[in-house]
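Engineer:
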Amino acid sequence: MKALQLDKAQRYASVSDFIADIEAYQNGFATRAEDAGSMKQLQLLLLRHKVVTTSLTALLVISIGFMWKVLASERHAQQSLANAQIALANVALKDGDITHMTSALEAVPAALRDQRWHYLAAKHDSSLGPLMIPGFCEQVTDVCAVPNAPAQFAIASHEGRIGIVDVVKKQLLRSIDTGHAGELRLSISADGRRLLARTSSASEAPLYDLITGKKLRSFPVSHSDEAAHPYLQTLALNATGTLAAFADFDSAALHLINTETGALLWTKPFHPLHMVFASHGHVLALIQHQAYDLTGLKLTDGSLAFHERLNAHPNSMASSPDYARLVIGLISGDVEVYHSNNGVRIRRHRVAAMPIAQVAYSASGNVITLGGSASQSLAVSRPLSLFHPGDLTPTGSFHGITAYTGHLPLSVNHRSGHLLTQQSPPQLWHLPDQTLATLLSGGDEGWSCHFLSDTTLIARGEGGFRTRYDLSDPRKPAALPSPFARNHTISAVHLATGLIATAYSRNSLTTPGSALSLWKSTKDGVTETWSRPAELKNDGTMHLHFDAKGERLLRTTPQPHSRLIIHDTRTGAVLHDFKHDAYKAIFAGTHGHIIAISSELQPDNTQKGSIAILDPQDGHVLASLDHDSAFYALAASPDHRLIAVAGSDRFVMILDADTLAVKHRFRAHDATISTVCFHPTLPLLATGSADHSLKLWRYSDATQLQTFIGIEGLPRSISISPDGHHLATDGRDRAVRVFELEHH
């Protein structure tokens, strides 16, 4: 087109220029007429050298692929290393080695710290941290819980001041100035009305009205120019604050004084390590330093009420919340429990390989221990351990106690469950083992519990019978008339219709009478709708579940019969009966299919689990999902669109009930998860485990909202009240337990 331009200046200047452009075009070069840019020049260059260009392109693709493979391999290697470190941390936690657990977790890169990592990292310190109250966090000499005042403690400072603090609000409520600086020790009467103080360097011990802070009177006591031995208790008040026990510092002399009159009642040759007034108010129980005895002295005259030989040298002693029991920690690692009134030993049990430095009772009466060292100068770091008060079986451990040297007194507020250490600053804990109600059934195993309404619970009762409880006042549950069949320990409830199904458990050797019954609950009580007789000698049941409308009842039977049986709830007639080996089965999904979980023992002695969706008409498996660990827990969400499954791998999976697609997966416990339950109105999930705890989770982001500890055995069932206020659990435990939920 350049040759045809009208403007002469725009045309070729000569024929030779025109010919040069034609040759350039024919040889693959840019012409002057094109005025080609750099990209056009590059394009023509590549076209002129097609073989080279193709080779370079292929080399570039191969190089990119190689680099991508190298990067992917590196990412895989980093993830594998992170998984290995998390596995090492988990083993260290199981062994109680928090130092190595922390080291393993710190080796995981920040970008690879997933929910598993954060779950384990939280175990490093389960305390609420140091209590920073200005004036009462430096040079703390004693801490003492205020009875009957939730979350309140008295803290003594070396300056001679006593602060009454609220550990929840982190506030100083009031203070008392004793006027004597030094090693200040405290004792508070069990009614929470009087406080007794004593400083080793002072010759008087003042008694205060704890409510007003007013000094009532003072008593002459021995003093010492040297600081008192930190492990000796030299003062104690009785329940009403009318009697005070004082021990001399440098001599074996124990005095009992009437605080109303100031009169000395008696003096006896004892040097107490710890002393406690018994619950009936007639005896002072004590253990002595470097003595192997528990001694009880009558308050009337100081004469011997009882004398018991201990198994080893005692380090500490504490009373139960009702003062009826005494727990003693021994240097041998044993714990011994006694009646405080008569000195009769209840139990002795070896709970640790190291000395028990401190003991205490939790708010619910579980025994708390803190290990120590035989040397008073060796700094150690031990967990707080929790034990069931009946047989001293372990029910939990809590890490985070900072290093201390052999002696670290613990004070527990039995109203709120808070624990405070005597450190500077004090370290605060909350042990959530308080129940609203503990229903003692007389047995040690239950299978299921269900709320019938906001205030009515069906659970194990006296003798193991199905029993209804009125929880209008959850702290004072009342058993209601219950006509359920004897030994029907398996149950299911359909809230909307008031239907209750009960059956014999798989443990029943014989099933006399009805093997399965259906009941109707109304405001007037419970009446039987129908029952079905046993068809086999041991016609037991693993699990029961109603469909969404309460029209069908699914019964899972155990091996060797292993059947899924669907009953019409109107008549009890069998609608479908098909062979399927399942541990639990439920109705779920938008089509009302059956979802079943099962586990199979492998040749290597491990178990693998599977989840299956079955057609409720013929039992045909529509979909399934295999898993490399056993399944024990299964539940459907209130709308039946989600299911939760869990088992021996300690993880929870939230699945789509129609497709088994995994929606969420998270680590929830330290041992096998045995039961799960969806919240009735909120996207929350409750879980129970062989690690002796129950937890409440927001499953969308694996946020732990609430924890309950101190469950004696394996929880088999969890139920949440329709209003979301309460949670109940039953299982391999001596009791059915009811807890208060904070999230509802």
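In the numbering used here, the protein residues as written are 1408 to 2151.
Where is the CB? At the ideal position from N, CA and C, for every residue including glycine.
None of the values given here were measured: they were computed from a predicted structure.
Per DSSP, what kind of secondary structure is Gln1640 in: helix, strand or coil?
Structural biologist: If DSSP states are grouped into helix, strand and coil, Gln1640 belongs with coil.
Engineer: Once DSSP output is grouped into helix, strand and coil, what is the label at Glu1513?
Structural biologist: DSSP places Glu1513 in helix when its eight states are reduced to three.
Engineer: Using the beta-carbon count (16 or more within 10 Å), is Arg1867 buried or exposed?
Structural biologist: By the neighbour-count rule (16 or more Cβ atoms within 10 Å), Arg1867 is buried.
Engineer: Let me know the secondary structure DSSP gives Gly1871 once reduced to three states.
Structural biologist: Correct three-state label for Gly1871: helix.
Engineer: Using only alpha-carbon positions, find the residue among Ile1618, Arg2141, Glu1513 and Ile1583 that is nearest to Gly1871.
Structural biologist: Taking only the C-alpha atoms, the option nearest Gly1871 is Arg2141.
Engineer: Under the rule that 16 or more other beta-carbon atoms within 10 Å means buried, what is Ser1710, buried or exposed?
Structural biologist: Classification for Ser1710: exposed.
Engineer: Relative to the C-alpha of Ala1558, which candidate in Cys1544, Gln1841, Asp1573 and Phe2073 has its C-alpha closest?
Structural biologist: Closest option to Ala1558, Cα to Cα, is Asp1573.
Engineer: Helix or strand or just coil, what does DSSP make of His2000?
Structural biologist: Strand.
Engineer: Compute the distance between the beta-carbons of Ala1698 and Asn1749, then report whether it is under 9 Å.
Structural biologist: No, the pair does not count as a contact, with Cβ atoms beyond the cut-off.
Engineer: According to DSSP, simplified to helix, strand and coil, what is Asn1748?
Structural biologist: It is coil, neither helix nor strand.
Engineer: In the segment 1779–1864, which residue ranges form an unbroken beta strand (DSSP E) of at least 3 residues, counting only runs that do not cross its ends?
Structural biologist: Fully enclosed beta strand (DSSP E) runs of 3 or longer: 1791–1794, 1801–1805, 1817–1819, 1825–1828, 1834–1837 and 1844–1847.
Engineer: Find out if the Cβ-Cβ distance for the pair Ile2125, Thr2110 is shorter than 9 Å.
Structural biologist: Against a cut-off of 9 Å, the Cβ pair of Thr2110 and Ile2125 comes out as no contact.
Engineer: Excluding five sequence neighbours on each side, which residues of the same chain lie with their C-beta closer than 7 Å to the C-beta of Pro2087?
Structural biologist: For Pro2087, where only same-chain residues beyond five positions count, the Cβ hits under 7 Å are Pro2045, Ile2127, Pro2129 and Gly2131.
Engineer: Return the CA-CA distance between Thr2079 and Gln1578, expressed in angstroms with no decimal places.
Structural biologist: Spanning the two alpha carbons is a distance of roughly 40 Å.
Engineer: For Ser1818 and Pro1833, what's the separation of their Cα atoms in angstroms?
Structural biologist: Rounded to the nearest angstrom, the two C-alpha atoms are 11 Å apart.
Engineer: Could you check whether the segment 1974–1991 touches the segment 1933–1949, counting it as contact only if at least three pairs of C-beta atoms, one from each stretch, sit closer than 8 Å?
Structural biologist: Yes, since at least three Cβ pairs between the segment 1974–1991 and the segment 1933–1949 fall closer than 8 Å, the two stretches touch.
Engineer: How about the segment 1545–1556 and the segment 2100–2108: do they share at least three Cβ pairs that are nearer than 8 Å?
Structural biologist: These segments do not touch.
Engineer: Tell me the residue span of the beta strand (DSSP E) that contains Gln2113.
Structural biologist: Where Gln2113 is concerned, the enclosing beta strand (DSSP E) stretches over Thr2110 to Ile2116.
Engineer: By the three-class DSSP mapping on this structure, what secondary structure does Met1539 have?
Structural biologist: Correct three-state label for Met1539: coil.
Engineer: Just reading off the beta strand (DSSP E) that Ala1759 is part of, what are its end residues?
Structural biologist: Unbroken run through Ala1759: none, as it is neither H nor E.
Engineer: Residue range of the alpha helix (DSSP H) that Arg1523 falls in?
Structural biologist: Per DSSP, Arg1523 belongs to the alpha helix (DSSP H) from Gln1522 to Ala1528.
Engineer: Express the C-alpha separation of Ile1469 and Ala1410 in angstroms, rounding to a whole number.
Structural biologist: In this prediction, Ala1410 has a pLDDT of 49, which is less than 50 and means its spatial position is unreliable; what the coordinates show is noted afterwards. Cα to Cα, the separation comes out at about 47 Å.
Engineer: Within 10 angstroms of the Cβ of Asp2077, are there 16 or more other Cβ atoms? Answer buried if so, exposed if not.
Structural biologist: Under this definition Asp2077 is a buried residue.
Engineer: Between the alpha carbons of Thr1831 and Ala1604, how many angstroms are there, rounded?
Structural biologist: Looking at the sequence shown, residue 1831 is not Thr but Ser. Between Ser1831 and Ala1604, the C-alpha separation is close to 19 Å.
Engineer: Between the Cα of Phe1953 and those of Glu2007, Asp1931 and His2000, spot the shortest distance and give me the residue it belongs to.
Structural biologist: Nearest C-alpha to Phe1953: His2000.
Engineer: Considering just the uninterrupted stretch of the beta strand (DSSP E) at Ala2142, what are its terminal residues?
Structural biologist: That run of the beta strand (DSSP E) goes Ala2142 to Glu2147.
Engineer: Skipping 5 residues on each side, what residues in its chain have a beta carbon closer than 8 Å to that of His1689?
Structural biologist: Taken in chain order, the residues that qualify are Lys1705, Leu1706, Thr1707, Ala1712 and Asn1748.
Engineer: Anyone know if the C-beta pair for Leu1951 and Leu1943 falls short of 9 Å?
Structural biologist: Cβ atoms of Leu1951 and Leu1943: not closer than 9 Å.
Engineer: Need the endpoints of the beta strand (DSSP E) that Thr1666 sits in, please.
Structural biologist: Note, Thr1666: premise wrong, no beta strand (DSSP E); not H, not E.
Engineer: By the three-class DSSP mapping on this structure, what secondary structure does Gly1497 have?
Structural biologist: The question names Gly, but residue 1497 in the sequence shown is Asn. Correct three-state label for Asn1497: helix.
Engineer: Go ahead and label Met1539 buried or exposed: buried means 16 or more other beta carbons lie within 10 angstroms of its beta carbon, across all protein chains shown.
Structural biologist: Exposed.
Engineer: Suppose the cutoff is 6 Å on Cβ atoms and the five residues either side in sequence are ignored; what does the same chain contact list for His2150 look like?
Structural biologist: So the list reads Leu2112, once near-sequence residues are dropped.
Engineer: Could you tell me the distance, in whole angstroms, from the CA atom of Ala1908 to the CA atom of Thr1948?
Structural biologist: Taking the straight line joining both Cα atoms gives about 11 Å.
Engineer: Among His1983, Thr1964 and Pro1967, which one has its Cα closest to the Cα of Ile1973?
Structural biologist: Looking at the Cα atoms, His1983 is the closest of the given residues.
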